[in-house]
Amino acid sequence: MAVRTVRDRAPALAAPRRTGLSDRTRRGLAAWGFALPFLALFLTFTAGPVLASLLMSFTDLRSSDLRDPLAVDFVGLDNYARLLQDEVFLQAAANTLYFVSAGVPLTILCALGVAVLLDKGVTRLRAFFRLGFYLPVVTSIVAVAVVWRFLLQPETGPVNQLLRLAGIDGPHWLTDPVWAMPALIVMAAWRNMGYLMVVFLAGLQAIPRELYEAAQVDGAGAWARFRRITLPMLRPTLLFGAVITGIGYLQFFEEPLVMTRGGPLNTTMSVSYAIYDQFGFGNYDYASAMSYALFVAIIVLTFVQFRLLRPRT
Amino acid sequence: MTAAVSRARGGHRARRSGGNRVWAVYTALAIALAVAGSPFAWMLSGSFKTDAEIRRIPPTWLPDQATLDNYRELFERLDFPRYFANSLIVTGAVTAGNLVFCSMLGYALAKIDFPGRQALFALVMAALMVPGAVTFVPLFVLISNLGLVDTHLGMILPFLAGPFGVFLMRQYISGLPDEVIDAARVDGAGELRIFARIVVPLARPALAALGILTFLSTWNSFLWPLVVAQSEERYTLPVALALYSIGQNQTRFGLLLAGAVVVVVPVLVVFVALQRFFVQGIAMTGLK
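Sequence lines, in order, name chains A and B.
Quick note on the UniProt record's numbering: the first sequence kicks off at 1 and runs consecutively.
Quick note on the UniProt record's numbering: the second sequence kicks off at 1 and runs consecutively.
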């Protein structure tokens with residue numbers, strides 16, 4: 001407090017400066033100077049493209065038009081209308097919904113299970129376990145895809161060998177229209193649960209132990225304590241985890257690119273993958289419209305999840 | 001009084017049934033970890049197998065005749081040393097840029113009272129929400145207009161200063177004591193000097209966390225380098241591995257798994273060595 005008043009008086013004390021600028025102005029200039037590199041990069045490489053993408057989605061811009069921008073016309077909402085009749089896009093949207101609605105709960109369940117175990121029984125080795133479960137998160141998706149493609153091979157892959165031991169004839173995972181998507185979902189859950197586990201563990205450790213002890217005295221069993229204490233207290237953390245994971249999964253792209261190339265029969269084609277495809281065909285206008293449709297879906301999902309998981313008052 | 005009683009009773013019960021329960025928890029965790037870790041085990045062991053052994057039924061856990069042929073092929077016949085160097089150049093530049101630029105703005109937002117501060121912070125928070133898919137197409141058009149397609153600079157520039165880094169640095173620097181900075185201002189030190197001499201040394205844990213996070217995400221980044229790199233000389237490791245794994249070598253799993261090891265091991269080493277800072281980084285930004 002005392003220091004603050006000294007600072008407020010400081011300009012008066014140090015009045016005669018070379019440039020004649022007040023300390024306040026000088027500091028403001030310095031602050032904007034500090035902001036300059038970030039701002040320049042952000043405006044050029046993020047804000048500009050966000051707006052450009054929106055504009056492009058209302059035009060008929062193709063890659064061949066880049067040398068001759070005057071040939072580009074505004075076409076209004078045509079690209080968006082086309083989305084609704086594009087079977088590949090509609091299938092990609094349905095696949096993406098499937099991936100999100102199965103993948104998010106699965107990832108949360110796995111992460112919560114491990115986090116509860118780590119929180120409850122384990123004091124020694126906690127750091128070791130946490131590290132072990134976290135490793136898939138920091139592993140390149142391309143490397144992960146290579147390994148899983150090997151694991152899931154129909155004849156010689158370890159997964160089907162293991163199933164054979166149990167008397168089950170495993171499917172041709174990545175070339176079977178029914179099983180390709182579940183395989184990608186399990187892989188995504190495996191890869192992403194580590195991050196949620198760390199988040200949930202922090203949330204669990206913030207729950208006061210006294211609540212559990214009091215409930216135990218009142219005769220509540222382990223399940224009742226989990227349902228009545230852990231889950232409600234963890235609600236904000238679960239919300240955060242669901243939103244973050246849902247936003248990530250809405251954009252899933254690398255898994256199908258490296259594992260299945262969107263197949264078989266487009267059953268693992270995602271919206272991001274469809275954008276990438278259209279970009280590859282040079283249809284910049286249509287790719288932009290798709291990306292804005294995805295952007296809107298992300299914003300809507302965020303709001304819906306906030307509403308659903310809002311603390312009940 | 002009641003709390004004390006309950007604690008005593010709870011403690012008693014826990015001690016009686018504790019042994020078995022702790023055992024069960026450890027066993028469950030060990031099994032879960034073995035399942036979660038098995039892809040890494042297969043990756044490592046497969047990378048030392050010959051193509052014939054990798055196709056054998058039933059599969060072998062450890063290679064019968066461990067061979068370095070897969071690694072030899074990666075580094076001698078294929079151009080993996082170059083891809084490795086490309087990955088290092090891009091990752092190093094992006095990490096350095098984020099450390100410098102994000103901490104500069106982070107300091108300004110945390111400790112300087114200036115007009116526009118609130119708006120600038122709101123801008124950073126909004127930037128956090130923009131998904132990559134939305135900027136992707138115009139960004140490529142921009143990069144190609146700048147003549148940066150198939151250059152390292154084209155891979156580096158768009159990611160040189162991310163909003164996440166600004167947010168992380170701002171959070172940490174806000175927690176540093178005002179007194180030190182105010183005292184330096186009273187002594188007539190300029191903002192640049194305060195930043196370089198006082199804030200940077202004090203913010204070292206946050207810089208370490210930001211450095212690791214940026215290193216990891218850039219090293220693993222795939223889509224943008226894939227689009228910008230057109231010739232083999234510019235491939236980063238993930239791009240090269242992805243293109244090999246869908247090209248003519250796609251069934252040569254020994255070779256591909258060795259490639260995966262080369263991509264994964266450097267980050268695992270960095271991560272395990274520095275994970276202390278990493279956990280701090282997650283805590284620092286309030287969950288993320």
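Glycine included, every Cβ here is placed at the ideal spot set by N, Cα and C.
Can you tell me the Cβ-Cβ gap for residue i and residue j, rounded? I've got them flagged as a contact below 8 Å.
i              : j              : result
R191 (chain A) : L174 (chain A) : Between L174 (chain A) and R191 (chain A) the Cβ distance is about 16 Å, and since that is not below 8 Å, they are no contact.
I156 (chain B) : A93 (chain B)  : 5 Å
L184 (chain A) : T107 (chain A) : L184 (chain A) to T107 (chain A), Cβ: 13 Å. No contact.
L210 (chain B) : N98 (chain B)  : 6 Å
A208 (chain B) : F277 (chain B) : 4 Å
R228 (chain A) : Y212 (chain A) : R228 (chain A) to Y212 (chain A), Cβ: 10 Å. No contact.
N266 (chain A) : Q85 (chain A)  : No, N266 (chain A) and Q85 (chain A) are not in contact; Cβ-Cβ is about 16 Å, not under 8 Å.
L255 (chain B) : E76 (chain B)  : Wrong, their Cβ atoms sit about 12 Å apart, outside the cutoff.
S245 (chain B) : V186 (chain A) : The pair is not a contact, with the Cβ atoms about 20 Å apart (cut-off 8 Å).
G46 (chain B)  : F253 (chain B) : 6 Å
Q251 (chain A) : A133 (chain B) : 6 Å
L109 (chain B) : R170 (chain B) : 5 Å
V159 (chain A) : L152 (chain A) : 6 Å
V186 (chain B) : I198 (chain B) : Going by Cβ atoms, the distance from V186 (chain B) to I198 (chain B) rounds to 13 Å, so no, they are not a contact pair.
P158 (chain B) : A52 (chain A)  : Rounded, the Cβ-Cβ distance is 13 Å, inconsistent with contact.
A111 (chain A) : M193 (chain A) : 4 Å
So what does residue i bridge to, in DSSP terms?
i              : result
F195 (chain B) : Per DSSP, none; premise fails for F195 (chain B).
T59 (chain A)  : A:F74
Which first and last residues belong to the alpha helix (DSSP H) in which residue i is found?
i              : result
A224 (chain A) : 222 to 225
L66 (chain A)  : Per DSSP, L66 (chain A) belongs to no alpha helix (DSSP H) and is neither H nor E.
K120 (chain A) : 87 to 120
G165 (chain B) : 163 to 174
Q118 (chain B) : 117 to 127
P238 (chain B) : 237 to 245
N160 (chain A) : 158 to 165
Q216 (chain A) : 209 to 217
L139 (chain A) : Here the sequence assigns Thr to residue 139 (chain A), which means Leu is not the residue at that position. First-last for T139 (chain A): undefined, no H or E at that position.
V180 (chain B) : 178 to 186
D69 (chain B)  : 69 to 72
L29 (chain A)  : 23 to 42
N192 (chain A) : 180 to 205
E53 (chain B)  : 51 to 54
S87 (chain B)  : 80 to 111
E254 (chain A) : 254 to 259
I57 (chain B)  : Looking at the DSSP string, I57 (chain B) is not in any alpha helix (DSSP H), and its letter there is neither H nor E.
I168 (chain A) : Per DSSP, I168 (chain A) belongs to no alpha helix (DSSP H) and is neither H nor E.
N283 (chain A) : Premise fails: N283 (chain A) is in no alpha helix (DSSP H) and is neither H nor E.
Residue i: beta carbon under 7 Å from a heavy atom of the ligand GTP?
i              : result
L157 (chain B) : By its list of ligands, the structure shown contains no ligand whatsoever, and the ligand GTP lies outside what it can speak to.
Discussion item. Count Cβ pairs between the region 57 to 64 of chain A and the region 72 to 88 of chain A that sit closer than 8 Å; are there 3 or more?
Written reply: yes
Fill in: Residues from the region 82 to 101 of chain A in contact with chain B, defined by Cβ distance under 9 Å
none
Practice prompt. Determine which residues of the region 184 to 207 of chain B have a Cβ less than 8 Å from any Cβ of chain A, and write them out in chain order.
Written response: For the region 184 to 207 of chain B, the set of residues with a beta-carbon nearer than 8 Å to any beta-carbon of chain A comprises R185, V186, G188, G190, E191, L192, F195, in chain order.
Worksheet item: Any residues in the region 52 to 78 of chain A with a beta carbon nearer than 8 Å to a beta carbon of chain B? Which ones, in chain order?
Response: Contact residues of the region 52 to 78 of chain A toward chain B are A52, S53, M56, L66 (C-beta to C-beta distance below 8 Å).
Discussion item. Three Cβ pairs or more, each shorter than 8 Å: is that satisfied between the region 123 to 140 of chain B and the region 43 to 61 of chain B?
Written reply: no
Discussion item. Taking contact to mean 3 or more Cβ pairs, one atom from each stretch, closer than 8 Å, check whether the region 226 to 243 of chain B and the region 129 to 137 of chain A are in contact.
Written reply: no
Discussion item. I'd like to know if the region 226 to 241 of chain A and the region 197 to 204 of chain A are in contact, where contact means that at least 3 CB-CB pairs between them fall below 8 Å.
Written reply: yes
Discussion item. Counting beta carbon pairs with one atom in the region 103 to 116 of chain B and one in the region 26 to 39 of chain A, are three or more of them shorter than 8 Å?
Written reply: yes
Worksheet item: Would you call the region 135 to 150 of chain A and the region 259 to 269 of chain B in contact, with 3 or more CB pairs under 8 Å?
Response: yes
Worksheet item: Below 8 Å, can you find three or more Cβ-Cβ pairs linking the region 137 to 151 of chain B to the region 68 to 87 of chain B?
Response: no
Item to complete: Taking only beta carbons into account, state which residues of the region 222 to 241 of chain A come closer than 8 Å to chain B, listed in chain order.
Response: T237, F240
Fill in: Chain-ordered residues of the region 291 to 310 of chain A with a beta carbon less than 9 Å from chain B
S291, Y292, L294, F295, I298, I299, T302
Worksheet entry | Contacting positions in the region 42 to 74 of chain B - beta carbon closer than 7 Å to chain A | W42, M43, G46, R55, I57, P58, P59
Worksheet item: Can you find at least 3 beta carbon pairs, one from the region 89 to 97 of chain A and one from the region 266 to 286 of chain A, that sit closer than 8 Å?
Response: Yes, the region 89 to 97 of chain A touches the region 266 to 286 of chain A.
Worksheet item: According to a CB-to-CB cut-off of less than 8 Å, which residues of the region 274 to 291 of chain A neighbour chain B?
Response: Taking 8 Å as the Cβ-Cβ cut-off against chain B, the residues of the region 274 to 291 of chain A that qualify are I275, Y276, F279, Y284, A287, S288, S291.
Practice prompt. Please name the residues in the region 190 to 217 of chain A whose beta-carbon is closer than 9 Å to at least one beta-carbon of chain B, in chain order.
Written response: Those would be W190, M193, G194, Y195, V198, V199, A202, G203, R209, E210, Y212, E213, A214, Q216, V217, in chain order.
Fill in: Short-range partners of chain A found in the region 17 to 36 of chain B, where Cβ spacing is below 8 Å
R21, V22, A24, V25, Y26, A28, L29, A32, L33, A36
Worksheet item: Between the region 247 to 261 of chain A and chain B, which residues of the former have CB atoms less than 9 Å from a CB of the latter, in chain order?
Response: I247, L250, Q251, F253, E254, L257, V258, R261
Worksheet item: Which of the residues in the region 155 to 186 of chain A, read from start to end, lie with their CB under 7 Å from any CB of chain B?
Response: T156, P158, Q161
Worksheet item: What residues in the region 159 to 171 of chain B bring their beta carbon closer than 7 Å to a beta carbon of chain A?
Response: L160, A161, V166
Worksheet item: Does the region 19 to 28 of chain B touch the region 108 to 127 of chain A, meaning 3 or more C-beta pairs lie closer than 8 Å?
Response: yes
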